[in-house]
Amino acid sequence: MHDQCCPTAFYELMKDQSNSKKQRPIVGITIGDINGVGPEVIIKALEDNRVTKYLTPVIYCSAKVISFYRKQLDKHNFNYFQCKEIGNINPKKVNVLNLWEDEIEINPGTQDPKLGKYTKISLSRAVKDLKSGLIHGMVTAPLSKEMVQDDEFNFPGHTEYLTSAFEQKDSLMLMVRDDLRVGVVTGHIPLRQVPDSITKELVASKLKILLQSLKKDFGIKKPKVAVLGLNPHAGENGLLGEEEQQVLQPVIKEIKEQNNLVFGPYPADGFFGSGQYKQFDGILAMYHDQGLIPFKYIAFGGGVNFTAGIPAIRTSPDHGTAFTVAGRNQADPTSMLSAIFQAHDLIKQKMSHHQ
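The opening position of the sequence shown corresponds to residue 12 in the working numbering, with each subsequent residue numbered one higher.
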């Protein structure tokens with residue numbers, strides 16, 4: 012997991028690509044939980060012929076898994092190129108990187124710990140290629156956090172795993188759809204741990220990552236950012252909690268004095284309910300559900316999860332494994348397609364930023 016990160020390889024690859032209009036960004040796609048909706052939404056998304064027009068998709072999996080779902084979904088016109096090494100892919104087609112030959116039992120909609128091994132093979136190989144500059148970006152299909160936990164993978168989710176893999180002190184889970192971008196200070200932790208986790212140091216770190224990402228990843232020269240309060244009514248001047256006065260206001264003041272457009276703390280309910288969120292380039296929520304409930308209400312089906320603060324591009328759909336609909340040919344690929352195109356746009360922005 013701790014292969015040496017090589018961002019220079021990425022930029023060399025970008026330089027080569029910018030010299031040839033025929034080449035497309037290479038985007039690796041991890042399979043996620045094989046019994047979840049990941050394989051289905053990947054196949055459905057990659058059926059869209061716009062994908063191979065703008066980029067080269069590479070599914071990190073096994074052709075046997077893709078073949079199973081191709082038949083099950085009755086997608087007989089879905090064609091792909093198979094290979095075992097990233098250097099042998101076909102730049103104009105959907106590619107499947109054959110990572111294993113094992114015969115595995117696939118039961119869509121069923122949680123199977125035996126399949127967690129293959130989820131991790133897919134993810135670790137894609138991360139290795141991303142670090143080496145062999146792919147430009149990565150889209151991760153949903154994994155079951157329970158099915159992948161072991162001594163080597165002891166993380167609440169992709170974001171924390173990638174932060175460790177790229178040896179970063181911190182990162183930011185940033186939910187994106189069009190001009191709506193919502194980050195969270197605390198992510199996958201129990202709600203009872205949230206107040207003690209809201210420190211000046213953590214809020215300042217997340218806010219700086221958000222500002223930097225809006226500039227670098229999204230090309231916004233002078234981003235305007237809103238910070239939400241932790242408590243109802245943003246604490247009501249200390250009546251309903253003191254975190255706003257003791258933590259958030261000092262951090263906002265400090266970062267504003269560094270010539271940044273940062274405002275708040277705002278009461279979260281009225282902020283979204285009144286449409287005030289439309290006035291900002293980025294929003295920093297204090298905890299997972301505070302940010303993700305309104306985001307998914309506004310953007311569900313087309314939202315994208317982006318990991319800001321790591322020296323690589325990773326996106327994912329804004330939904331989970333959805334075991335309840337897996338295998339029924341009911342999964343909507345819109346969010347996966349959005350994640351693929353968002354990765355493409357971020358790659359292009361990264362190219363222009365480093366030219």
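Cβ coordinates follow ideal geometry from the N, Cα and C atoms, glycine included.
From a predicted model like this one, the values you see are computed outputs, not experimental measurements.
Residue i, enclosing beta strand (DSSP E) - first and last residue
i: Q93; result: 92 to 94
Reduced DSSP category for residue i - H, G, I as helix; E, B as strand; rest coil
i: Y298; result: coil
i: T210; result: coil
i: K359; result: helix
i: Q353; result: helix
i: G98; result: helix
i: F317; result: strand
i: R81; result: helix
i: R136; result: helix
i: K326; result: Checking the sequence, you will find Thr at residue 326 rather than Lys. Correct three-state label for T326: strand.
i: L272; result: strand
i: M347; result: helix
i: G168; result: coil
Reference residue i; option with closest CA among the options
i: P243; options: A237, V236, E253; result: E253
i: L134; options: P119, T151, G120, I146; result: T151
i: E97; options: Q122, H87, V138; result: Residue identity check: residue 97 is Ile in the sequence provided, not Glu. Looking at the Cα atoms, V138 is the closest of the given residues.
i: T67; options: V107, G49, K95, E268; result: V107
i: N118; options: G338, P344, L357, A333; result: G338
i: F164; options: Y129, Q290, V38, G144; result: Y129
i: V69; options: D123, D44, L145, E212; result: L145
i: V105; options: T345, N90, A319, K95; result: N90
Which residues DSSP lists as bridging residue i, in chain order
i: T41; result: Y71, T151
i: Y277; result: L239
i: N109; result: C72
i: M184; result: T318
i: G312; result: Answer by DSSP bridge pairing: none, since G312 is not bridged.
i: G293; result: V236
First through last residue of the alpha helix (DSSP H) which encompasses residue i
i: T332; result: Element bounds for T332: n/a, residue is neither H nor E.
i: P50; result: 49 to 57
i: R61; result: 61 to 65
i: Q179; result: It is not in any alpha helix (DSSP H) - Q179 carries neither H nor E in the DSSP assignment.
i: I263; result: 260 to 267
i: K156; result: 156 to 159
Every unbroken alpha helix (DSSP H) within the stretch 189 to 257, with a cutoff of 4 residues, ordered by chain: 205 to 208, 211 to 227
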